[in-house]
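Visitor: The structure that follows is given in the form of structure tokens.
Protein chains: 2
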Amino acid sequence: MFKVNGNQIEEFKLYLAKFIALKGISATREGVVASLKFLTTFIKEQLNGEVELLPTSTNPAIYTELRGKNSETVLLYGHYDVMEADDLGWQTPPFVLTEIAGRYYGRGCGDNKGQLLAQLLGIATYLREYGELPINLKILIEGQEEQGSRDLNKLVKKYQTSLLANIDYVLVIDGSKNVNGKNVIRLGNRGLLAFELGVKVATRDLHSGNFGNVSENAALKLIGYLNKCYDFRTKRVKIPEFYADIQPATTQELEWIKKLPLPQGQPGSNMAYYHKLMFEPTFNINGMQSGYTGAKLKTIIPHKAFVRCDCRLVWGQRPELIRRQLEQLYHEELARGELEIKFLAEIAPSKTDSSSPYLMELIKTIREVTGDCLIEPIMPGTVPNYVWTDTLKVPTFTVPFANFDQNNHSVNENISRQAFWNGIEIIYHFLERKKRYYGTNI
Amino acid sequence: MFKVNGNQIEEFKLYLAKFIALKGISATREGVVASLKFLTTFIKEQLNGEVELLPTSTNPAIYTELRGKNSETVLLYGHYDVMEADDLGWQTPPFVLTEIAGRYYGRGCGDNKGQLLAQLLGIATYLREYGELPINLKILIEGQEEQGSRDLNKLVKKYQTSLLANIDYVLVIDGSKNVNGKNVIRLGNRGLLAFELGVKVATRDLHSGNFGNVSENAALKLIGYLNKCYDFRTKRVKIPEFYADIQPATTQELEWIKKLPLPQGQPGSNMAYYHKLMFEPTFNINGMQSGYTGAKLKTIIPHKAFVRCDCRLVWGQRPELIRRQLEQLYHEELARGELEIKFLAEIAPSKTDSSSPYLMELIKTIREVTGDCLIEPIMPGTVPNYVWTDTLKVPTFTVPFANFDQNNHSVNENISRQAFWNGIEIIYHFLERKKRYYGTNI
Chain A
1 MFKVNGNQIE EFKLYLAKFI ALKGISATRE GVVASLKFLT TFIKEQLNGE
51 VELLPTSTNP AIYTELRGKN SETVLLYGHY DVMEADDLGW QTPPFVLTEI
101 AGRYYGRGCG DNKGQLLAQL LGIATYLREY GELPINLKIL IEGQEEQGSR
151 DLNKLVKKYQ TSLLANIDYV LVIDGSKNVN GKNVIRLGNR GLLAFELGVK
201 VATRDLHSGN FGNVSENAAL KLIGYLNKCY DFRTKRVKIP EFYADIQPAT
251 TQELEWIKKL PLPQGQPGSN MAYYHKLMFE PTFNINGMQS GYTGAKLKTI
301 IPHKAFVRCD CRLVWGQRPE LIRRQLEQLY HEELARGELE IKFLAEIAPS
351 KTDSSSPYLM ELIKTIREVT GDCLIEPIMP GTVPNYVWTD TLKVPTFTVP
401 FANFDQNNHS VNENISRQAF WNGIEIIYHF LERKKRYYGT NI
Chain B
1 MFKVNGNQIE EFKLYLAKFI ALKGISATRE GVVASLKFLT TFIKEQLNGE
51 VELLPTSTNP AIYTELRGKN SETVLLYGHY DVMEADDLGW QTPPFVLTEI
101 AGRYYGRGCG DNKGQLLAQL LGIATYLREY GELPINLKIL IEGQEEQGSR
151 DLNKLVKKYQ TSLLANIDYV LVIDGSKNVN GKNVIRLGNR GLLAFELGVK
201 VATRDLHSGN FGNVSENAAL KLIGYLNKCY DFRTKRVKIP EFYADIQPAT
251 TQELEWIKKL PLPQGQPGSN MAYYHKLMFE PTFNINGMQS GYTGAKLKTI
301 IPHKAFVRCD CRLVWGQRPE LIRRQLEQLY HEELARGELE IKFLAEIAPS
351 KTDSSSPYLM ELIKTIREVT GDCLIEPIMP GTVPNYVWTD TLKVPTFTVP
401 FANFDQNNHS VNENISRQAF WNGIEIIYHF LERKKRYYGT NI
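The listed protein sequences derive, respectively, from chains A and B.
Just so we're aligned: 190 in full-length UniProt numbering is position 190 of the first sequence, and the numbers increase by one with no gaps anywhere.
Just so we're aligned: 346 in full-length UniProt numbering is position 346 of the second sequence, and the numbers increase by one with no gaps anywhere.
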């Protein structure tokens with residue numbers, strides 16, 4: 001079994017340090033060109049691949065295709081763009097890779113530069129040993145993931161019969177391992193529909209004594225409208241057909257859930273817990289504001305109010321249908337201009353058939369390298385994997401390399417040295433197993 | 001008819017300038033001692049009265065009693081404390097009286113130093129002319145009005161059988177005239193019950209994907225609770241007995257309402273408009289907040305949420321009863337610690353019987369000085385007049401001298417020169433009419 005050795009450690013770390021230092025901030029585009037150049041050079045020199053830049057409305061994606069001996073073709077997906085790092089609380093400079101107590105710190109170490117580089121280094125190390133790949137690898141490295149992958153589905157649609165044709169399955173190396181440190185394979189994720197309801201009744205706040213009862217209150221109106229789409233008593237969403245198409249968990253999925261550890265201190269059964277997170281949609285308020293919110297009493301009638309909601313959607317639910325039905329529910333209010341709806345996110349849920357033959361192979365690979373591998377049939381959060389499962393219509397496995405406490409999108413982002421090495425080893429071993437498999441079968 | 005004349009103008013203005021310059025900020029107590037000294041000196045030298053300082057938990061009240069020839073006794077109420085003046089947007093220094101285009105600008109010009117001084121100057125001018133008063137005047141000048149008159153009721157209870165005994169009626173010179181510039185007499189006002197509902201479900205916000213459905217959402221819980229005390233569909237308050245004791249408007253009150261001008265651009269009838277403002281309670285949200293309220297989408301589950309409500313209460317409603325019933329309504333949630341209620345204000349409504357014989361006399365006085373006088377049976381806003389009508393049990397007439405656009409509590413506070421003069425003239429004429437009345441009746 002290949003293990004990262006002492007000589008390689010410093011070389012691998014150097015690549016990561018250089019990549020982290022280049023920034024590549026998604027929203028401001030700072031360091032995007034330098035990051036593209038770094039990856040292009042790496043792919044050319046280390047993987048002997050040609051790079052194609054795929055333009056988007058902002059940061060381009062990188063595409064490369066590495067030919068192997070057999071026709072099996074895997075798409076590896078990652079992203080080079082990172083969040084900003086201007087929050088207070090960083091204990092090391094965010095764009096200087098710093099190793100402390102077995103962890104690499106820096107913006108992007110976990111999300112996703114560290115995980116992306118582990119893939120590329122795994123392939124490079126394999127190529128140094130064997131000279132050629134056992135299967136075809138296509139690699140798509142996005143530059144808009146931290147802006148919600150806004151052009152990804154368009155891109156996939158554009159190239160699905162050319163660059164992205166003939167793919168057997170997709171490996172998404174992103175996210176975090178299980179809280180207890182075990183590696184995990186995810187087969188799907190909840191989708192997301194986020195929207196803001198806004199009410200404006202006047203041009204300024206009014207005195208609640210002088211105008212109370214003769215002027216409308218934006219906050220009261222807003223909550224009235226909110227009651228139309230959510231039943232606060234039964235905790236049920238009242239958007240028509242919201243629940244209609246939800247698909248139940250399969251026997252296999254329920255079995256996998258049974259094996260997942262219930263987080264410490266969580267009451268109830270792990271079955272109920274994970275069912276709620278994986279197979280039930282949510283209705284969530286993530287922010288609301290109206291009027292004066294300082295410390296004193298200020299007897300005003302607020303002239304505007306808003307509430308922002310996000311619904312996590314489960315398999316079977318279609319965000320575009322729910323969006324249309326929400327608009328239909330508020331048809332009259334919208335027509336009268338009394339309510340404004342802004343849609344902020346619309347990402348379909350994703351799911352890969354658990355009977356895919358590639359799954360068992362992946363589980364074995366990971367178990368051989370790290371000792372264990374849990375299956376999460378559905379990730380409770382949202383990633384844009386529907387572009388692979390629904391648009392490209394291929395099985396998709398999400399295999400996070402980063403530690404649970406990677407602090408992605410937060411201060412002191414990190415990847416543990418061990419997790420980084422294991423990532424490299426998993427990719428190397430994945431290719432070695434393919435070589436063995438095709439070697440014995442041909 | 002007495003009219004402020006050229007010689008007096010500069011003298012009166014000088015007093016106002018000195019009083020404004022002394023500050024007397026309610027919350028910080030800056031200039032309170034100087035303001036007390038100014039008033040004490042004025043009362044001694046100009047009204048020949050002795051001053052008693054009535055201690056409170058913060059700024060003392062000033063009390064004086066001026067003996068007149070007849071036993072009729074009127075209490076004049078005003079306040080010397082002012083709001084802070086640190087908002088941006090003042091076009092003149094707030095504590096330097098500045099005259100521009102027929103208005104005196106400065107913090108307190110309208111609320112209440114200008115109106116208070118007009119009373120004192122009216123009495124002083126009368127005394128210069130006639131040497132003695134026709135009736136007894138008791139004057140109570142509060143120093144806590146801008147902190148919600150927090151000790152006023154206690155004070156009135158303490159002195160109701162001594163200093164504040166044997167009062168025939170109270171004149172409250174505060175507030176603003178009608179929007180069309182006409183003087184007005186107010187016979188009552190709506191009360192106020194203000195409270196905050198707060199929910200806290202965790203120690204920090206959580207990721208709505210990772211925890212959506214397994215962790216509680218503070219904003220959803222809060223709105224659920226809010227639905228228990230307010231029906232957003234029918235717009236009815238669900239606090240038990242909220243509406244039970246409301247007293248209908250009398251025929252006389254309805255007749256007065258009929259004569260009040262409907263504000264420009266206001267649809268509907270003036271009857272419906274003023275009925276809503278004077279004889280119907282409100283349920284108002286003045287502020288609410290939960291979660292992230294910045295510009296972006298942030299898919300969090302907020303761990304806390306609050307909503308602040310103020311109810312304007314009408315005649316018959318008892319704030320202490322409604323407060324207790326609100327607590328009863330949330331008995332279980334409070335016992336479980338799932339909800340917190342903070343009561344922020346509790347002021348009873350006030351009402352003076354419209355058949356009081358003093359009313360016609362006051363109307364005549366004001367009409368003779370200014371040409372017209374409207375009657376507002378109830379002021380929609382809230383002042384602590386219940387201390388006179390309910391605790392002291394005497395008729396109370398609120399007679400604002402200040403212009404409608406006095407900008408009290410705001411920047412560029414002012415009183416129009418004409419309104420200030422008219423105030424002095426009204427008090428002077430009020431005393432002159434008393435003299436004539438008792439002269440012809442004795």
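The beta-carbon is built from N, C-alpha and C at its ideal position, and this holds for glycine as well.
Bear in mind the structure is a predicted one, so any value in this text is a computation, not a measurement.
#1: Report the partner residues of B/R73 according to the DSSP bridge assignment.
#2: Taking A/L171 as the reference, which of A/E196, A/K138, A/T203, A/R190 has the closest Cα?
#3: Using the C-alpha atoms, what's the distance from A/G102 back to A/V179?
#4: Starting from A/M288, find everything on chain B with Cβ-Cβ shorter than 8 Å and list it in chain order.
#5: Report the CB separation of A/L297 from B/A305 in whole angstroms; it is logged as a contact under 8 Å.
#6: By the DSSP assignment, the beta strand (DSSP E) with A/N284 in it spans what residues?
#7: Does DSSP classify B/F19 as helix, strand or coil?
#8: Roughly how many angstroms separate the alpha carbons of A/L222 and B/L88, rounded to a whole number?
#9: Use the C-beta contact count for B/F343: other C-beta atoms within 10 angstroms, 16 or more gives buried, fewer gives exposed.
#10: Please go through the same chain and pick out, in chain order, the residues whose beta-carbon is closer than 7 Å to the beta-carbon of B/Q266, but skip the five residues on each side of it.
#11: Mind checking the region 195-215 of chain B against chain A and listing, in chain order, the residues whose C-beta falls within less than 9 Å of any C-beta there?
#12: How many angstroms separate the CA atom of A/I442 from the CA atom of A/E361?
#13: Looking only at its own chain, which residues have a Cβ that is under 8 Å from the Cβ of B/L329, when we skip the five neighbours before and after it?
#14: Using the beta-carbon count (16 or more within 10 Å), is A/Q372 buried or exposed?
#15: Using 8 Å for Cβ pairs, my map puts B/L39 next to B/L97. What's the rounded Cβ distance?
#16: Mind checking who B/A305 pairs with in its DSSP beta bridge?
#17: Suppose contacts are defined by Cβ-Cβ distances below 8 Å. Is B/G224 in contact with A/F232 by that definition?
#18: Who are A/S215's beta bridge partners in DSSP?
#19: Please say whether B/I322 and B/L206 have beta carbons closer to each other than 8 Å?
#20: Quick check on A/Y230: does DSSP put it in helix, strand or coil?
#21: For the region 339-357 of chain B, which residues have a CB atom closer than 7 Å to at least one CB atom of chain A, in sequence order?
#22: So for A/R318, helix, strand or coil by DSSP?
#23: What did DSSP end up calling A/T398 once you bin it into helix, strand or coil?
#24: If the criterion is Cβ atoms closer than 8 Å, does the pair residue 444 of chain A and A/G78 meet it?
#25: For A/Q406, does the count of other Cβ atoms within 10 angstroms reach 16, so buried, or fall short, so exposed?
#26: How big is the Cα-Cα spacing for B/F430 and B/L187?
#27: Could you please tell me which residues of the region 126-145 of chain A, in chain order, have their CB closer than 9 Å to any CB of chain B?
#28: Can you tell which of B/I123, B/K113, B/Q264 has its C-alpha closest to the C-alpha of B/G143?
#29: Taking just the CA atoms, how far does B/G191 sit from B/R318?
#30: Against chain A, with Cβ distances strictly below 8 Å, would B/K393 count as a contact?
#31: Does the CB of B/R436 have a neighbour CB from chain A at under 8 Å?
#32: Might you give, ordered along the chain, the residues of its own chain that have their beta carbon closer than 6 Å to the beta carbon of A/R433, omitting 5 neighbours on each side?
#33: Please check if any C-beta of chain A sits within less than 8 Å of the C-beta of B/Y243.
#34: In whole angstroms, what separates the C-alpha of A/G175 from that of A/A402?
#35: Out of B/L127, B/K18, B/D390, point me to the one whose CA is closest to B/Y105's CA.
#36: Drop a sphere of 10 angstroms on the beta-carbon of A/I100, count the other beta-carbons inside from all chains shown, and report buried for 16 or more, exposed for fewer.
Guide: Judging by the given coordinates:
#1: It is Thr, not Arg, that sits at residue 73 of chain B in the sequence shown. Its beta-bridge partners are B/N136.
#2: A/K138
#3: 18 Å
#4: A219, M288, Q289, S290, G291, T293, A305
#5: Their Cβ separation, rounded to whole angstroms, is 18 Å, which puts A/L297 and B/A305 out of contact at 8 Å.
#6: 284-291
#7: helix
#8: 31 Å
#9: exposed
#10: Y273
#11: E196, D205, H207, S208, G209, N210, F211, G212, N213, V214
#12: In this prediction, A/I442 scores a pLDDT of 48, lower than 50, which makes its location untrustworthy; the coordinate-derived value is nonetheless stated afterwards. The straight-line gap from Cα to Cα measures roughly 18 Å.
#13: K228, C229, K238, I239, P240
#14: In the sequence as presented, Gln is not what sits at residue 372 of chain A; that position holds Asp. Exposed.
#15: About 17 Å separates the two Cβ atoms, so there is no contact after all.
#16: B/V199, B/S290
#17: yes
#18: A/G212
#19: no
#20: strand
#21: L344, A345
#22: coil
#23: strand
#24: Lying outside 1 to 442, the shown extent of chain A, residue 444 of chain A is not represented and no answer is given.
#25: buried
#26: 18 Å
#27: none
#28: B/K113
#29: 9 Å
#30: no
#31: no
#32: T365
#33: no
#34: 7 Å
#35: B/K18
#36: exposed
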